[in-house]
Structure formats: C-alpha cells, structure tokens
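Below is one structure, written out as structure tokens; the observations come after it.
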Amino acid sequence: WIIRDPTGVFSNDDNNYLHRSERHTRALAKFVRLVELCRAAGVGGKKSNNTSSSSTAVNHLEGEIIATPEFLTLVNAISDDPFPTSLHWVMFVPNILTLCDAEQQAQWLPLCRDWKMIGCYAQTELGHGSNIRALETTATFLKESDGAAPGGEWVINSPTLTSTKFWPGTLGKTANHAMVIARLIDGSGVDHGIHNFLVPLRSMEDHTLLPGVETGDIGPKIGYNNMDNGFARFENVRIPRRNMAMRFAGVDEEGVYEKVGAKNKKGGSGDAASKVAYITMMQVRAYIIHSSNDALAMACTIAIRYSTIRRQGYNADADKKREENAPNEIQVLDYRQQQYRLLPLLAASYAIFFSGKHVLARLKNIENELVSGSTAITKTIVGDIHATTSALKSYATAFTADGIEDCRKACG
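Per my numbering, the very first residue in the sequence shown carries number -18; after that it's consecutive.
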C-alpha cells in the first residue's frame, strides 16, 4: 500500500533537486502519511477478537506504531534521509521511558505517542559535546516563596555564547519540546551537575516559539538535509519543578536535592544510576554503529553488482573454448585485485551489523536492569559499555566512510 498510495508523497525521484526547506516539508508529509497508513492497517493496534475488516484500524496511536519492527522497516524503506521526526522516537521518547518516573510517563507519553508533543534531545553545545561535565546550560531552582509558581520552578538559562545548544536534530523547526541537558542548581545554590529537563520550545497549538526561547535551523549540510539540525538559547525560561526527569534523582518543593537510590535500591546501584542519565547518547552511538552497516552494505552492493556486469580486458580463454557468443572480455569481479578490495568490505558490513545489534541488546539489558531496581549493574559495567560504544562508533563510521570511498574507486 506504500507503492500504490494515491498521494504520490513517497516518491524520492526529485529529492536532489529540492531546496532544503522543501525537502524538510516533503519528509514531514511522508511521515504523516506513513502514520496514517499504519493506523489504517492496524500496525501497533491492540489485537481484537472481532474479525471484521474495520476492527484492525486504530484511531489512537497507542504508542505502539513507533515500537514495531514493521514501522522501522517502512521508515528505512521510504526515505533516502532520516525523517525530521526521527530523533523523537530514537532519543526523546526513550529518554522519558528510561529517566522519568511513572507519574511523568503517564503524563507525557500519551502526548508523545499521539505526536502532540514532538521532542528532541538537546545536549551538544557550541563549546562542549561529549564532555558533559563541561556543559554550561543551567537549570536553577526557584522556590514558591521566591516568586515561583506553586511547587517551585526551574529557570533555564544559556549564560554564555558557548552554552548555546547546537546541532541537535529535530530542534531547528520540528520539535515543540526538548529534553535539555543542563546543570542543576538547587535551592541552596549548589551545582549538582548535569540532569535532564523537559523544556517546551513551541506552542502545541500553533507551533510559535515560547517566551525566552530562541531557536532555528543551522543551515545546509553535506547530507541529512531532511533533518533540521538546530540551535537553541534560553533566557529565564521557567518550567515546573516536575519537568525534571525524576526516576533517579529529585528536588522537593524547598529545593532540596536527593538521589532516589540514596534511601532505597529502586534506582539500582547508586554509582551506576548516576551514569544512566547519559544512556541516551550511548543508545544513539549504538544506533549509529548499527546503521553505518547500511551505508557500507549499499556501497558494496552497488560496486559488486557493477563489477559483475562490467567487462574489461581481453579474455583469451573465450577464444580457446570457442563457445558460441562467448564474451571475449573479463568480468571486472574476476580480477583478484577487485575481489581483494570489495569482498572484505562486504564481510565487514556484516561484522558491523552484528556488532551493532549486540551493543544495542547489551544496552537494553542494562537499561532494563537499572529501571527494575537491580543492583547487578555496577559503575564498572556502565563505564565499559560507554567506552565500547564510543570506540565502536568511531571505528565503524571511519571504516564505513573509507570503505565507501574504496568502493567508488573500484568502480573506475
């Protein structure tokens, strides 16, 4: 039903001739139409004993479409670049599931799953990225007695130029909320390091920017031009106290900070739980490892198919065999040098694929253990998977880029 869709929105034929703004708009239209078709087909819908044809259709997303293998397969199949909404389900929603408590999830997940709340993950700044200890965006607690709303508020600020959030996908135009990584300053003025805060960026009614928020698209890139990588600055943006992700740490109405695992073991090991706030970036690294295989595999497929069809060089054996209509040129792939260049790259694409799957499964296990309150996950284990994802991401992407270039050269 994708191929036969009457809207024609899924065509990629003219993508290379579209302006970035047009590509962004087209990609959003593709995504909206895909969700409509998935709903109509019952993808992610609850099973029903009613066997009528209409029983499989779902009017409410129910949060399951984006979690189904079918949806992810369709997303990869119909778009030549990631959708502008990709970071919503790759980073934003998993962050809420991992780091927010049950009450917060009950409030926000239905909005996320109905696409009323569209989010991004705002960590990287102009001055710092993976060095999260050096991030400069601040979230300062303001008590009700000091003029805040009932229960207290967080005041989000970008105090320096280098604290500007820069490069997060979905931030430039699409998102109306961001999971902002900021330094938590409690009611006593004590800096407790980075924590996650859900910050509204745009109105959910008309998508206009909210007071104190400055954001926009960072401009053209070499690739990923469906994605609106953006920047954001905050000036005295107030959000409710409960907009801090509070599964593993919290601040009460008087501004007193406390780790949830300090009183009991429901947060898992205290040291390990303190690292789980960074798990979203580890998950994204694992996705990048896994997806870098796609790019290398496509390059290998093109180069090997071309080498099979393309013939070059006189084939003396053809004359000796004197077969009727025997080709007198050699398949390029029959040259050992060509095999030596291409086949190891093909094998490596499989290795990268399964390495990515293993790392993703390992991260999911760590996440489940921590969320369930297990004390089996230690700081050493979390540190090990952090180092593994960092190294593998660097290696896999560099190897893939070099391999694609070698495939191109091997095609002449």
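Note that beta-carbon positions come from the ideal geometry of N, C-alpha and C, so glycine has one too. In this text the structure is predicted, and so the values were computed from the model without any measurement.
- Task: Determine the direct distance from the alpha carbon of A284 to that of D315, and round the result to whole angstroms.
- Result: 13 Å
- Where M279 falls, given that 16 or more other Cβ within 10 Å makes a residue buried: exposed
- Do N274 and G204 have their C-beta atoms within less than 8 Å of each other? Not a contact, by the Cβ cut-off of 8 Å.
- Inter-residue Cα distance where the pair is T356 and Q319: 52 Å
- Message: Looking only at its chain, what residues have a beta carbon closer than 7 Å to the beta carbon of K374, apart from the 5 residues adjacent to it on each side?
- Response: R266, I269, I270
- What is the residue span of the alpha helix (DSSP H) that P75 lies within? The continuous alpha helix (DSSP H) containing P75 extends over residues 74 to 80.
- Could you give the residue range of the alpha helix (DSSP H) that holds V340? 317 to 352
- Task: Return the chain-ordered ranges of every beta strand (DSSP E) run that is complete within the stretch 98 to 171 and spans a minimum of 3 residues.
- Result: Restricted to the stretch 98 to 171, the beta strand (DSSP E) segments that are unbroken, complete and at least 3 residues in length are 100 to 103, 119 to 123, 134 to 138, 158 to 166, listed in chain order.
- Item | Closest residue to E239 among A8, T381, D167 (Cα-Cα distance) | Residue D167 is the option with its Cα nearest to E239.
- Query: Considering only C-alpha positions, which residue in the set F73, K390, R(-15) is nearest to C281?
  - Reply: K390
- Which listed residue (C101, D95, P140, W96) has its alpha carbon closest to that of L116: P140
- Message: Using 8 Å for Cβ pairs, my map puts A226 next to A159. What's the rounded Cβ distance?
- Response: With 8 Å as the limit, A226 and A159 do not qualify as a contact, their Cβ atoms being about 13 Å apart.
- Message: Using a Cβ-Cβ cutoff of less than 7 Å, which residues in the same chain neighbour G193 once the five nearest sequence positions on both sides are dropped?
- Response: Around G193: F215, E216, N217, V218.
- With 16 other CB atoms within 10 Å as the buried threshold, where does K202 fall? exposed
- Query: Are S288 and V313 close, meaning C-beta to C-beta below 8 Å?
  - Reply: yes
- Item | contact_flag[the stretch 65 to 78, the stretch 149 to 156] where n(CB pairs < 8 Å) is 3 or more | yes
- How would you call Q104, buried or exposed, if buried means at least 16 neighbouring beta carbons within 10 angstroms? buried
- Query: Exposed or buried, what is Y321 when buried is set at 16 or more other beta-carbons lying within 10 Å of its beta-carbon?
  - Reply: exposed
- Message: Quick check on L191: buried or exposed, where buried means 16 or more other Cβ atoms within 10 Å of its Cβ?
- Response: By the neighbour-count criterion, in which a residue is buried when 16 or more other Cβ atoms sit within 10 angstroms of its Cβ, L191 is exposed.
- Where N31 falls: helix, strand or coil (DSSP): The predicted model places N31 with a pLDDT of 42, which falls under 50 and marks its position as unreliable; any figure quoted below should be read in that light. Coil.
- Task: Could you have a look at D62 and say whether DSSP puts it in helix, strand or coil?
- Result: The answer is coil: DSSP assigns D62 none of H, G, I, E or B.
- Item | Nearest to A342 (by Cα), restricted to the options I366, L327, A328 | I366
- Message: When you compare the CB positions of T118 and A163, do they come within less than 8 Å of one another, or not?
- Response: yes
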